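Below: one structure, written as structure tokens.
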Amino acid sequence: MIILQYGHTKTYFINGLLIDTDYAGTINQFFKCIKENNININDIKYILATHYHPDHIGIVPELMKLGIKLIVIDIQKDYIHFSDNIYKKDKLPFEPIDESKIIILPINKGREFFKSLNIDGEIISTTSHSNDSITIIFDNGDCIIGDIEPESYIDIYKGNNKLKEDWDKINSYNPKKIYYSHH
Numbered sequence: 001m002i003i004l005q006y007g008h009t010k011t012y013f014i015n016g017l018l019i020d021t022d023y024a025g026t027i028n029q030f031f032k033c034i035k036e037n038n039i040n041i042n043d044i045k046y047i048l049a050t051h052y053h054p055d056h057i058g059i060v061p062e063l064m065k066l067g068i069k070l071i072v073i074d075i076q077k078d079y080i081h082f083s084d085n086i087y088k089k090d091k092l093p094f095e096p097i098d099e100s101k102i103i104i105l106p107i108n109k110g111r112e113f114f115k116s117l118n119i120d121g122e123i124i125s126t127t128s129h130s131n132d133s134i135t136i137i138f139d140n141g142d143c144i145i146g147d148i149e150p151e152s153y154i155d156i157y158k159g160n161n162k163l164k165e166d167w168d169k170i171n172s173y174n175p176k177k178i179y180y181s182h183h
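Position 105 (the sequence shown) corresponds to 105 in UniProt numbering; numbering is contiguous.
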């Protein structure tokens, strides 16, 4: 796995799969970063977002125009346009995601999809940050959690049982290394 950071959000690349992007308007920084990491744009076959907030999907439409396929987990489908109005209000260069070109993947088929990329792992729903948040759990113990608050925050969020539920679910996989988007 290669960690790419060219802006606010960490992006992960593994076996043709790009996990998350940064804000709209960062495409040039993205190209510079992948070049520095010896990744050719043609090496990227798929994009998967941990959730559809502006700092995770900003350059997805531009990458889709280059032929990279967006994998949308079934529980995320209703949220893929969450950021459209935010970008419009902030007058950032963003074109909404073209739904006619997305691939919907049932969450329970994540392991099969990963296997096709020679990745061992699965996708789980972890909704404490947003209803469309997913976590990627690799069999080697690596875990990409997006924007879920750290486990040490559970006591701070006493009224938010979702955070404890998410961490209970993640911990049931015995993760060895947690990869956050912003920490």
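Here a beta-carbon is modelled for each residue, glycine too, at the ideal position from N, C-alpha and C. Because the structure is a prediction, the values reported are computed rather than measured.
| Item | Value |
| --- | --- |
| Looking at C-alpha atoms only, which residue of G159, R111, I2, L18 is the closest neighbour of S128? | G159 |
| So what's D132 in DSSP terms, helix, strand or just coil? | coil |
| For a quick check, are the C-beta atoms of L70 and I44 less than 9 Å apart? | no |
| The beta strand (DSSP E) spanning G110 covers which residue range? | Careful: G110 lies outside any beta strand (DSSP E), inside the alpha helix (DSSP H) at 110 to 116. |
| The beta strand (DSSP E) spanning F13 covers which residue range? | 10 to 14 |
| If you follow the alpha helix (DSSP H) that D55 is in, where does it begin and where does it stop? | 54 to 57 |
| For the alpha helix (DSSP H) containing K69, name the first residue and the last one. | Unbroken run through K69 is the beta strand (DSSP E), 69 to 73; no alpha helix (DSSP H). |
| List the whole-angstrom C-beta distance separating I170 from I145, where the pair is believed to meet the contact cut-off of C-beta under 8 Å. | 7 Å |
| If I measure Cβ to Cβ from E151 and keep anything under 6 Å in the same chain, skipping five residues before and after, which residues do I get? | W167 |
| Have a look at the DSSP bridge pairing and note the partners of D142. | K177 |
| Find the nearest neighbour of D132 within the set A49, L117, K109, judged by alpha-carbon distance. | A49 |
| Looking at the structure shown, is E165 part of a helix, part of a strand, or coil, going by DSSP? | helix |
| Would you report the Cα separation of I102 and V72, rounded to the nearest angstrom? | 7 Å |
| Of all the options K91, E36, L18, N38, which has the alpha carbon lying nearest to the alpha carbon of H56? | L18 |
| Is F31 near T11, with beta carbons less than 9 Å apart? | no |
| Expressed to the nearest angstrom, what Euclidean distance is found between the alpha-carbon atoms of E149 and T126? | 11 Å |
| Considering only their Cβ atoms, is the gap separating Y79 from A24 smaller than 9 Å? | no |
| Going along the chain, which residues of its own chain have a beta-carbon closer than 8 Å to the beta-carbon of I119, five neighbours each way excluded? | I14, N15, L17, F138 |
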